[in-house]
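Participant:
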């Protein structure tokens, strides 16, 4: 959702010096849409009011790079610019990464990135390099293993993706993607699309892991020696299990203090029992701890340096050493135990045999380490990040090993959950090396046009089909307004225009307007939406989504023209709102092929309330034209019903 | 140098491969198709790093080229006849935006009636669009002209788009042995392309294609005219550099046995090759025949044409397109106008020939020389505009 406070900070890309009419819907639409991204953009416009009024040489109202070419070819022009961007980027001639600046400090509402768990923790799929080692599961043996990324397939995908989402599972995959499911004790792969057909699907997270170390033998950890420091005791080796337990305490509760008086290691703990536990552990290790009010402390330069190097200093830099993670389960359990005792909490679930563990950390590296640890222990987990302070919260489940997704009930349940803020869901796919297709973050190019319904349709269609990464905005004023209000295929039935005027033998345009949004949706591009400036939050949100997707996106925005529609200029927003409330201009979006309403009036007002406000429909209220009003209402009702059907048909019962 | 058997289309694609533009947006049309096909294969095989835009029409091809070139990418496309006609609107815009796009054009008769074979009606129609036009006699010239065209188009003093024309089927589909240059030498010759004000420079945003009304449009068009005029002065230097680098002898016009000639033909593209053969034959018979082949039609090398033709006794212009002015073809009009400035003003007649791919034979050209000999003797012009090789 857009936040007006945040939006006010976004610099104006279309400056107020433009010469569009006051009360023009187009400029409002453009400014709202340009708030959809903070990344650098390149704008293009077709010949029309917008271009004419904003760029009279030698002035320009555009604070961003802008190109106008001709009347009907803005999509092709922008597709050229977008391709040039890719070409020059590939050659290193453009170093500025327009794409990534977009999501820099924004904390933007929508992030669709799938991150892949690799050797180095979670990494955005886009950034994964060939040869990078990715955690994967061998479907034959169910063993967790690092596999080299042979090839990162990256191609624009247009159309529907399958989203699986619950507390423990979150994935976004293409319909032909193979999903591993746990069926009668073994792995089976089914197509993503088939998930929809099933009532429920079980997903296992119980992987096998055989790490280093023989747990029956006594293994020691060697601590490197340092030059003699004061009179401190020197250590050479420790019992591994105990040492790991200690590391767990240090990682979660430990602090290092260096002062003139020496090198202090402090394990914070106010719980008496735990304090005692730590004290005993340290004693066992041969250290010389002393209990303080809220901690257990001991002095040692040698261990201070060891811990600083191996486990990090400061709560944001804590980590589990690599060698620890490579150990086998028996050892991992030791460190896991004290980690959870330190920064975890265990809740037994009511009326269930299961219990749930939460682990909290501010260190990204530790979060990644923890996930690896949890997976190796055969548990599953989910990660979330608190927005205010960036603290990661890892939920660890023990008995949810066969987690079920209910296709009918949950898959497309709550639409708002489809894009979670600060999403860090766990992507689970043992076939990382193959066809892992995900929607990733996205882009920064926009074009604005009014000539989309008729003469520009082909150019636009071509650019959509080619999959250029751009946002196409149709500022829809429902006629050729710039040249003096001539009829277009966007003009609604009954409207009087200069080339289809109302007269004694005519009630204006007799034909229905074209459903451009549906035509564009038929291109199966990732994002298509219809918006209105009156619902600014809805429109900005749609714009954010449009900018965020990889591939083409389309926004059809009702942009009122008081000259052509004939109403007082101050009523633009009011009438825009009526268009939505009457169902004349439904606020819909088609996301990966799934249609839904983003706003549904509680009760649709009769369309005459909208028609009455404008001079272009004035004649309809005369004697003898009542049937046209009825016809228009019927058309609107039919359109609404059709939309509802589409929503039902595409959303899997949502 | 390497001798390779290539068609004109393949030669164009080979030049494009060596140029390796950043972006190619093209739509296939006969007889240009092989250029796009061959180049697409180079891209598919990874032999070029070019980004292809497989547009849905020529209109979008040129539109995408405008967007790309304005973004600072070296951009090329190719077309023929009706394809050129469809991109017409943007052809003018490209020139007015001063975007150095190079476009091989395979000349084909412009419909209607529909015909896929060679004449110059397509590019001759675009002679006032603000593009530089180069006409190539054979595949080797196609190859060389495309390379030199890049350098000309991107020259800081020129910055105009260039059409490199070749005769459809006659040149485009006939295999010739041509000498190609080494890749690195071509790349070094054309250099890197940099655009002063790129659309992608998000830190210094520029507006391309603003509304330009009464108070500035005229100045901008004047600048465009001046650019074309200046190009005539700059091009010889670029050609000299090309000649020096590749050991060639390109010039604005090619004079063939003209120094002591009394009668001569002016003709573009492949027909010049046929005519050269006729000149040789006539020379053996003692006829002082010569030939002038303008390589550049835009900018129009007027001074060179005056110098080359002034001392002749009679001149015939061979036009492979008609302007339907009732006064002959476009090449004739311009050559005749140029000679008006000459003190001697030799008699000039026009022959329109080869429309829709109608073959022209040495016998036809001999007829022209015969007529010129006649004029030389009598000083009387029977018909100013003639049609060659057509049924009456």
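Protein chains in written order, with the working numbering: chain X, 1271 to 1924; chain U, 46 to 437. All C-beta atoms in this analysis are idealised placements derived from N, C-alpha and C, irrespective of residue type, glycine included. This structure is a prediction, so every number in the text was calculated from the model and none was measured.
Closest to residue 214 of chain U by CA distance: which of U:352, U:47 and U:79 is it?
Facilitator: For the purposes of this step, residue 214 of chain U is taken as residue 169 along the second chain, with counting starting at 1. Among U:352, U:47 and U:79, the Cα nearest to that of residue 214 of chain U belongs to U:79.
Participant: Who are the Cβ neighbours of residue 253 of chain U in its own chain at under 7 Å, not counting the five residues just before and after it?
Facilitator: Counted from its first residue, the second chain places residue 253 of chain U at position 208. Excluding positions up to five away in sequence, the list reads 115, 142 and 244.
Participant: At 8 Å on the CB atoms, spell out the chain X contacts of residue 94 of chain U, in chain order.
Facilitator: Translated into the one-based positions of the second chain, residue 94 of chain U becomes position 49. Near residue 94 of chain U (Cβ distances below 8 Å), the residues of chain X are 1357, 1360 and 1361.
Participant: Taking residue 443 of chain U as the query, report the chain X residues whose CB atoms sit under 7 Å from its CB, ordered along the chain.
Facilitator: The shown model of chain U, from 46 to 437, leaves out residue 443 of chain U, and the question about it has no answer.
Participant: Is any beta-carbon of chain U found at less than 8 Å from that of residue 1722 of chain X?
Facilitator: Taking the first residue of the first chain as 1, we reach residue 1722 of chain X at position 452. Judged by the 8 Å Cβ criterion, residue 1722 of chain X is not in contact with chain U.
Participant: DSSP on residue 1608 of chain X, reduced to helix/strand/coil?
Facilitator: Here residue 1608 of chain X corresponds to residue number 338 of the first chain, with the count starting at 1. Residue state, collapsed to three classes: helix.
Participant: So, for residue 1860 of chain X: in the same chain, excluding its five sequence neighbours on each side, which residues have a beta-carbon less than 6 Å away from its beta-carbon?
Facilitator: In the first chain, residue 1860 of chain X corresponds to position 590, counting from 1. Closer than 6 Å at the Cβ level, and outside the excluded window around residue 1860 of chain X, lie 1791 and 1798.
Participant: Going by beta carbon distance, what residues of the same chain come within less than 6 Å of residue 70 of chain U, once the five residues before and after it are set aside?
Facilitator: Start at 1 with the first residue of the second chain, and residue 70 of chain U comes out as number 25. The residues are 98, 100, 106, 109, 110 and 122.
Participant: Would a check of beta-carbon distances place residue 115 of chain U closer than 8 Å to chain X?
Facilitator: To locate residue 115 of chain U, count along the second chain from 1; it is residue 70. It does: the Cβ of residue 115 of chain U has a partner Cβ on chain X nearer than 8 Å.
Participant: Can you list the residues of chain X that residue 105 of chain U reaches, using a CB-CB cut of under 7 Å?
Facilitator: On the second chain, position 60 is the one that residue 105 of chain U refers to. Those within 7 Å of residue 105 of chain U in chain X are 1343, 1346, 1729 and 1732.
Participant: At the 8 Å Cβ level, is residue 135 of chain U part of the contact set with chain X, yes or no?
Facilitator: Walking along the second chain from the start, residue 135 of chain U turns up at place 90. At least one chain X Cβ lies under 8 Å of residue 135 of chain U.
Participant: Identify which residue in U:231, U:367, U:290 and U:185 has its Cα closest to the Cα of residue 220 of chain U.
Facilitator: The count along the second chain starts at 1 and reaches residue 220 of chain U at position 175. Ranking the options by Cα distance to residue 220 of chain U, first place goes to U:185.
Participant: Identify the residues that DSSP records as bridge partners of residue 393 of chain U: which are they?
Facilitator: Translated into positions along the second chain, residue 393 of chain U becomes position 348. Bridge partners of residue 393 of chain U: U:360.
Participant: Can you find a C-beta in chain U that's less than 8 Å from the C-beta of residue 1752 of chain X?
Facilitator: Mapped onto the first chain, residue 1752 of chain X falls at position 482. For residue 1752 of chain X, the answer is no, since every Cβ of chain U falls outside 8 Å of its Cβ.
Participant: Classify residue 1744 of chain X as helix, strand or coil using the three-state DSSP reduction.
Facilitator: For the purposes of this step, residue 1744 of chain X is taken as residue 474 along the first chain, with counting starting at 1. Strand at residue 1744 of chain X.
Participant: Under a three-way DSSP split, which group does residue 1524 of chain X fall into?
Facilitator: Within the first chain, residue 1524 of chain X is the residue found at index 254, counting from 1. If DSSP states are grouped into helix, strand and coil, residue 1524 of chain X belongs with the strands.
Participant: For residue 1802 of chain X, which residues does DSSP report across the bridge?
Facilitator: Numbered from 1 along the first chain, position 532 holds the residue referred to as residue 1802 of chain X. Paired residues: X:1828.
Participant: Are the C-beta of residue 1321 of chain X and some C-beta of chain U separated by less than 8 Å?
Facilitator: On the first chain, residue 1321 of chain X is found 51 positions in, with the first residue counted as 1. Interface residue, yes.
Participant: List the residues of chain X whose Cβ lies closer than 8 Å to the Cβ of residue 129 of chain U, in chain order.
Facilitator: Counting from 1 along the second chain, the entry for residue 129 of chain U is found at position 84. The contacting residues do not exist; residue 129 of chain U stays about 16 Å from chain X at best.
Participant: According to DSSP, simplified to helix, strand and coil, what is residue 1914 of chain X?
Facilitator: Here the question's residue 1914 of chain X lines up with position 644 in the first chain. In this structure, residue 1914 of chain X counts as helix in the three-state DSSP scheme.
Participant: Taking residue 269 of chain U as the query, report the chain C residues whose CB atoms sit under 8 Å from its CB, ordered along the chain.
Facilitator: Considering every chain present, this structure includes no chain C. Its protein chains are X and U.
Participant: What separation, rounded to the nearest whole angstrom, lies between the Cα atoms of residue 312 of chain U and residue 77 of chain U?
Facilitator: Against the second chain, residue 312 of chain U aligns to sequence position 267. Against the second chain, residue 77 of chain U aligns to sequence position 32. Between residue 312 of chain U and residue 77 of chain U, the C-alpha separation is close to 22 Å.
Participant: Residues of chain U with CB closer than 9 Å to the CB of residue 1318 of chain X, please, in chain order.
Facilitator: In the first chain, residue 1318 of chain X corresponds to position 48, counting from 1. Here the premise fails: no neighbours, minimum Cβ distance about 11 Å.
Participant: Cα separation between residue 1334 of chain X and residue 1627 of chain X?
Facilitator: Mapped onto the first chain, residue 1334 of chain X falls at position 64. Mapped onto the first chain, residue 1627 of chain X falls at position 357. Rounded to whole angstroms, residue 1334 of chain X to residue 1627 of chain X spans 50 Å at the Cα level.
Participant: Work out the CA separation of residue 193 of chain U and residue 64 of chain U for me, nearest whole Å.
Facilitator: Translated into the one-based positions of the second chain, residue 64 of chain U becomes position 19. Translated into the one-based positions of the second chain, residue 193 of chain U becomes position 148. Distance between the alpha carbons of residue 64 of chain U and residue 193 of chain U: 10 Å.
Participant: At what residue ranges does the region 267-346 of chain U contain a whole run of the beta strand (DSSP E), taking only runs of 3 or more?
Facilitator: Listed in chain order, they are 298-301, 308-312, 334-339 and 341-343.
Participant: Check distances from the C-beta atoms of the region 75-89 of chain U to those of chain X and list, in chain order, the residues that come in under 9 Å.
Facilitator: Answer set for the region 75-89 of chain U: empty.
Participant: Anyone know if the C-beta pair for residue 1641 of chain X and residue 1514 of chain X falls short of 8 Å?
Facilitator: As a first step, residue 1641 of chain X is located in the first chain; it is residue number 371 there, counting from the start. As a first step, residue 1514 of chain X is located in the first chain; it is residue number 244 there, counting from the start. No, the pair does not count as a contact, with Cβ atoms beyond the cut-off.
Participant: In chain X, which residues lie less than 8 Å from residue 98 of chain U when you measure between Cβ atoms?
Facilitator: Within the second chain, numbered from 1, the residue matching residue 98 of chain U stands at position 53. The contacting residues are 1349, 1350, 1353 and 1736.
Participant: List, in order along the chain, the chain X residues whose C-beta lies closer than 7 Å to that of residue 257 of chain U?
Facilitator: Residue mapping note: residue 257 of chain U aligns to position 212 of the second chain, counting from 1. Within chain X, the residues near residue 257 of chain U are 1327.
Participant: Check whether the region 392-406 of chain U touches the region 361-373 of chain U, taking contact to mean three or more Cβ pairs, one atom from each stretch, closer than 8 Å.
Facilitator: Counting Cβ pairs under 8 Å, three or more are found: they touch.
Participant: Taking 8 Å as the CB-CB cut-off, is residue 138 of chain U touching chain X?
Facilitator: Residue 138 of chain U sits at position 93 when you count from the first residue of the second chain. Cβ-Cβ to chain X under 8 Å: yes for residue 138 of chain U.
Participant: In the DSSP output, what is residue 148 of chain U paired with across the bridge?
Facilitator: Reading the second chain from its first residue, position 103 is the one you call residue 148 of chain U. Beta-bridge pairing links residue 148 of chain U to U:208.
Participant: Between residue 1296 of chain X and chain U, is the shortest Cβ-Cβ distance under 8 Å, so that the two count as touching?
Facilitator: As a first step, residue 1296 of chain X must be located in the first chain, where it is residue number 26. Not closer than 8 Å to any Cβ of chain U, the Cβ of residue 1296 of chain X fails to qualify, so no.
Participant: So, does the CB of residue 1877 of chain X fall closer than 8 Å to a CB anywhere in chain U?
Facilitator: On the first chain, position 607 is the one that residue 1877 of chain X refers to. Output row for residue 1877 of chain X: interface = no.
Participant: Along chain U, in chain order, which residues have C-beta atoms closer than 9 Å to that of residue 1211 of chain X?
Facilitator: Lying outside 1271 to 1924, the shown extent of chain X, residue 1211 of chain X is not represented and no answer is given.
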